[in-house]
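Participant: Once you've had a glance at the structure underneath, I'll fire off some questions.
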Amino acid sequence: MRAVAVVLVALATLTACGGSGRSGGSGAEDVTLDVLAASSLTESFEALAEDFEADNPGVTVRLSLGSSSALAQQVTEGAPADVLATADLPSMELAGDDVAAATEFATNELVLVTPSDDPGGISSLDDLADAQFVTCVDSAPCGALADQLLEDAGVTAEPVSREADVKAVLAKVTSGEVDAGFVYVTDAVAAGDEVRRVEVPGAADLPARYAVATVTEAREPELAEAWVDLVLGEDGQQALADAGFGPPVDGSP
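Anchor point for the sequence shown: position 201 equals 201 in my numbering, and the numbering is continuous, going up by one each time.
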């Protein structure tokens with residue numbers, strides 16, 4: 001993978017100055033890049049973080065994963081953050097002027113999953129009326145999409161619980177605590193044989209649209225830009241495609 005010149009320059013400057021200035025020690029301090037990202041990006045961003053760190057010795061990528069809206073709120077409240085990546089555009093908009101102009105970089109679709117042995121006998125959305133299923137909280141993109149898809153299908157069914165993010169939903173399903181749950185296609189791919197998929201009518205027409213932006217008050221602005229470049233570049237897009245993500249709605253970023 002090509003080295004990012006701006007990162008190397010930044011690291012050289014830090015080394016020459018004896019550290020980042022955030023430590024009173026005598027030696028150079030390793031640099032941490034704080035990336036806040038939707039939990040559905042876990043596997044792909046973990047892989048990219050390994051590549052980024054390998055290409056940039058002395059840099060540690062610290063991923064904070066969770067609900068997009070909650071992460072955006074953290075940015076507005078001044079939590080340590082250099083990059084924000086959300087699973088929808090409204091969550092990115094919540095961050096307002098605390099982030100730079102965002103770029104869409106991927107799409108995802110919602111799917112219904114059951115434990116591999118399908119104890120509830122779920123074959124369609126209609127079966128949810130008598131089943132124990134879970135969704136994300138309605139403030140999270142995965143929860144809002146699930147509600148919309150159920151409404152569009154004319155299905156009246158209430159989840160037994162609403163989880164903080166999509167990984168929490170998946171955990172409830174794979175543990176056998178519930179009959180089904182709404183997750184993204186990428187989460188179903190990551191779960192492999194632990195789950196069984198039930199396609200959701202209309203999901204392709206309501207894709208989750210992912211966006212990424214640097215944080216205005218980033219502590220490591222050069223590194224933040226380099227991370228965004230990685231996500232938008234060929235290597236990043238391939239990693240996302242391998243995880244099951246689709247391209248942005250308007251084509252390549």
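Built from N, CA and C at the ideal position, the CB exists for glycine as well.
Quick one: grab the DSSP three-state call for alanine 79.
Facilitator: coil
Participant: Within the same chain, show all residues whose beta-carbon is closer than 7 Å to that of leucine 240, passing over the 5 residues directly before and after it, in chain order.
Facilitator: Ser44, Ala106
Participant: Please work out which residues of its chain come closer than 6 Å, Cβ to Cβ, to alanine 213, disregarding the five sequence neighbours upstream and downstream, and give them in chain order.
Facilitator: Result list for alanine 213: Leu84, Val99, Ala100, Ala102, in chain order.
Participant: Note down the Cα distance separating glutamate 124 from glutamate 199, rounded to an integer number of angstroms.
Facilitator: First, the residue type needs correcting, since residue 124 is serine and not glutamate in the sequence shown. Near 8 Å, if we compare the C-alpha coordinates of glutamate 199 and serine 124.
Participant: Can alanine 211 and threonine 86 be called in contact, C-beta distance under 7 Å?
Facilitator: yes
Participant: What do you get for glutamate 225, buried or exposed, if any count of 16 or more other CB atoms within 10 angstroms of its CB means buried?
Facilitator: buried
Participant: Cβ atoms of glycine 244 and valine 189: under 7 Å apart, would you say?
Facilitator: Contact flag set, yes.
Participant: Could you say which of Asp250, Trp227, Gly233, Pro253 lies nearest to arginine 255 if we only look at CA atoms?
Facilitator: This structure gives no information on residue 255, because the portion of the chain shown stretches from 1 to 253.
Participant: Could you tell me the boundaries of the alpha helix (DSSP H) in which proline 221 lies?
Facilitator: Secondary structure note for proline 221: its alpha helix (DSSP H) is the uninterrupted segment 221 to 232.
Participant: If I measure Cβ to Cβ from glycine 246 and keep anything under 8 Å in the same chain, skipping five residues before and after, which residues do I get?
Facilitator: Ala106, Thr107, Asn108, Glu109, Pro207
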